[in-house]
Amino acid sequence: MPSTRRSAAKPSAPDAAEGSIRVLKKYPNRRLYDTQTSSYITLSDVKQMVLDGETFEVRDAKTGDEITRSILLQIILEEETGGMPMFTTQMLGQVIRFYGHAMQGLMGSYLENNLQSLVDMQTRLAEQSKGLYDPKALTPETWAQFISGQAPMMQGLMGNYLEQSKSLFAQMQEQLQAGVLFPGMPGLTPKR
């Protein structure tokens, strides 16, 4: 994918404390500035940085506040409004319901751990099938075809994964209700 970077006069020099973390600055005009390359970049460029595994942070140019999460959420929103959304309306509604709930913090780490397990499983599958396909040519559609060709094995893997995930969440919920997960914490004692 060709870059849409445009050179520009450098608005301000990067801070010495920024070190090895690549710093992007977001200006009030909604433009993103890459302090490493001294150029303006697009959300597509930031997405490519994520895909390449680069470490970076986004800062508000005016306040200096760290706003990386909001930029990543913008990228997710663009992807979701594109051709193949990952989240159903029902799933998004369920996620929203956890905000402000006592289990909000647990849900975040639960989702993060499950996503990491899925990434690990994908990595193992990719290693086992090395040479069977070109990783750069693997689009969501070809991945789906590959998975459907491996249907019995994948159904077993995913079924076990989902069952373990569901069981872990149920255990956490039971422990929370019984006051075992956070013993002695006010407001989390068992109801009698």
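711 is the number of the first residue of the sequence shown in the working numbering; add one for each residue after it.
By construction, the Cβ of each residue, glycine as well, lies at the ideal position given by its N, Cα and C atoms.
Note that the structure is predicted; figures quoted are calculated from it, not measured.
ARG740 in three-state terms, based on DSSP: Translated into the one-based positions of the sequence shown, residue 740 becomes position 30. ARG740: coil per DSSP, three-state reduction.
Taking 8 Å as the cut-off, does the stretch 766-776 touch the stretch 800-819 (at least 3 CB pairs, one atom from each stretch)? no
From what residue to what residue does the beta strand (DSSP E) around SER749 run? As a working mapping, residue 749 is identified with position 39 in the sequence shown. Residues 749-751.
Report yes if the C-beta distance between THR778 and GLU789 is below 8 Å; otherwise report no. The sequence position of residue 778 within the sequence shown is 68, counting from 1. The sequence position of residue 789 within the sequence shown is 79, counting from 1. Against a cut-off of 8 Å, the Cβ pair of GLU789 and THR778 comes out as no contact.
Within 8 Å, strictly: CB atoms of ASP744 and LEU734: Walking along the sequence shown from the start, residue 744 turns up at place 34. Walking along the sequence shown from the start, residue 734 turns up at place 24. Yes, the pair counts as a contact, with Cβ atoms nearer than the cut-off.
Inter-residue Cα distance where the pair is LEU787 and ASP830: In the sequence shown, residue 787 corresponds to position 77, counting from 1. In the sequence shown, residue 830 corresponds to position 120, counting from 1. Each residue's Cα considered, the two are about 25 Å apart.
Straight-line CA distance for GLN814 to ASN823? For this step, residue 814 is matched to residue 104 along the sequence shown. For this step, residue 823 is matched to residue 113 along the sequence shown. Rounded to the nearest angstrom, the two C-alpha atoms are 14 Å apart.
Does the separation of the CB atoms of PRO850 and MET794 fall below 8 Å? Position 140 of the sequence shown, counted from the start, is the residue given in the question as residue 850. Position 84 of the sequence shown, counted from the start, is the residue given in the question as residue 794. Result yes, Cβ atoms of PRO850 and MET794 sit closer than 8 Å.
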